[in-house]
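In the numbering used here, the protein residues as written are 120 to 416.
Worksheet: one structure, shown below.
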């Protein structure tokens, strides 16, 4: 299949590479040229502008609403260049409001639109092990399915309303931040009492909390492995804000999300913006007066 791919950051590069490996004919666009040149050496074609990216399916994998809007609606944007029946597969974590706007735009133009945000960090993207949450009209989802299958280990089709996938993604990210905050508070409490944090981690992750999210983020916190960032802290702040916006729009109180947002804001204020989003755990340690060097490893 002819596939366009826009956005070759830490996630997009591996995703586009897997499309090439799967035998799709891939054209790529990225604001900075080096990632596109790297994939060109592996068989991709480089597009000079977003509008020049062709394909039966065009994937966007960008950092936020602003970046996606620039690609879609700029002077050389994708919106004016997409042909009828082309499917826009939006895999970025963006707002519900923007997803609804894109749904209307593509519908009026006779194009398909599938929101398909992903769960997984850059290593999962590189290994084609992403979990993909897809929503859109059935025909558009079916057309995009081979593209999604090349990038993920499982595709969850959740609705014919694209924005539902975006809300599920924001909800999932919110729950991850609650896990990070809960682990940090629990580790801080036990460390201050003199409990070995490694023993606490062993008990929790080998009994009630054996899920990968607890094991992986628990280790990151214990080892203070916040750099290089798998998912940068300001992106976590952005997603939490988007979740709170959805709560406001639906009149749903989200008190935990407000607490998490303040953790992110404090972390940015303390100069942690280049760290992994798990670095919000440092705030819980500081609040408790616990040395952040809690692990000998």
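In this text, a Cβ means the ideal position worked out from N, Cα and C, and glycines have one as well.
Return the chain-ordered list of same chain residues with a C-beta closer than 6 Å to the C-beta of residue i, the five sequence neighbours on each side being excluded.
i: residue 382; result: 399, 402
i: residue 334; result: 324
i: residue 279; result: 256
i: residue 215; result: 282, 285, 286, 365
i: residue 272; result: 248
i: residue 408; result: none
Measuring alpha carbon to alpha carbon, tell me which of the options ends up nearest residue i.
i: residue 202; options: 176, 410, 181; result: 176
i: residue 173; options: 158, 161, 200; result: 200
i: residue 362; options: 132, 250, 331, 293; result: 293
i: residue 259; options: 225, 171, 330, 320; result: 225
i: residue 344; options: 395, 223, 216, 159; result: 395
i: residue 342; options: 306, 327, 253; result: 306
i: residue 142; options: 268, 208, 167, 186; result: 268
i: residue 144; options: 158, 152, 355; result: 158
i: residue 222; options: 130, 242, 254, 246; result: 254
i: residue 241; options: 184, 162, 136; result: 136
i: residue 316; options: 330, 237, 410, 388; result: 410
i: residue 184; options: 211, 405, 291; result: 211
For chain B, check one thing: does any of its Cβ atoms lie closer than 8 Å to the Cβ of residue i?
i: residue 199; result: Going by chain labels, chain B is absent from the structure shown, which holds only one protein chain.
Just to confirm my understanding: we take residue i, look at its own chain, exclude 5 residues before and 5 after, and list those with CB closer than 7 Å. What are they?
i: residue 375; result: 297
i: residue 299; result: 336, 397, 399, 400
i: residue 134; result: 180, 244, 270
i: residue 359; result: 293, 296, 376, 379, 380, 383
i: residue 239; result: 248, 249, 250
i: residue 332; result: 295, 298
i: residue 370; result: none
Are the beta-carbon atoms of residue i and residue j separated by less than 8 Å?
i: residue 190; j: residue 285; result: no
i: residue 206; j: residue 229; result: no
i: residue 251; j: residue 235; result: yes
i: residue 218; j: residue 281; result: yes
i: residue 339; j: residue 303; result: no
i: residue 127; j: residue 155; result: yes
i: residue 288; j: residue 274; result: no
i: residue 392; j: residue 354; result: no
i: residue 146; j: residue 131; result: no
Per DSSP, residue i is paired with what?
i: residue 254; result: 234, 278
i: residue 211; result: DSSP lists no partner for residue 211.
i: residue 176; result: 122, 206
i: residue 165; result: 147
i: residue 271; result: 249
Leaving out five residues on either side along the sequence, give the residues of the same chain with a beta carbon under 8 Å from the beta carbon of residue i.
i: residue 169; result: 125, 148, 190, 191, 193, 195, 196, 197, 200
i: residue 208; result: 176, 177, 178, 179, 233, 235, 263, 266, 267
Is residue i a contact residue of the ligand FAD, with contact defined as CB to any heavy atom under 7 Å?
i: residue 260; result: Here there are no bound small molecules, and the ligand FAD is not part of this structure.
Unbroken alpha helix (DSSP H) runs of length 4 or more, entirely within the segment 373 to 405: which are they? 374 to 388
At 4 residues or longer, and completely inside the segment 320 to 358: list those alpha helix (DSSP H) runs for me, N to C. 331 to 342
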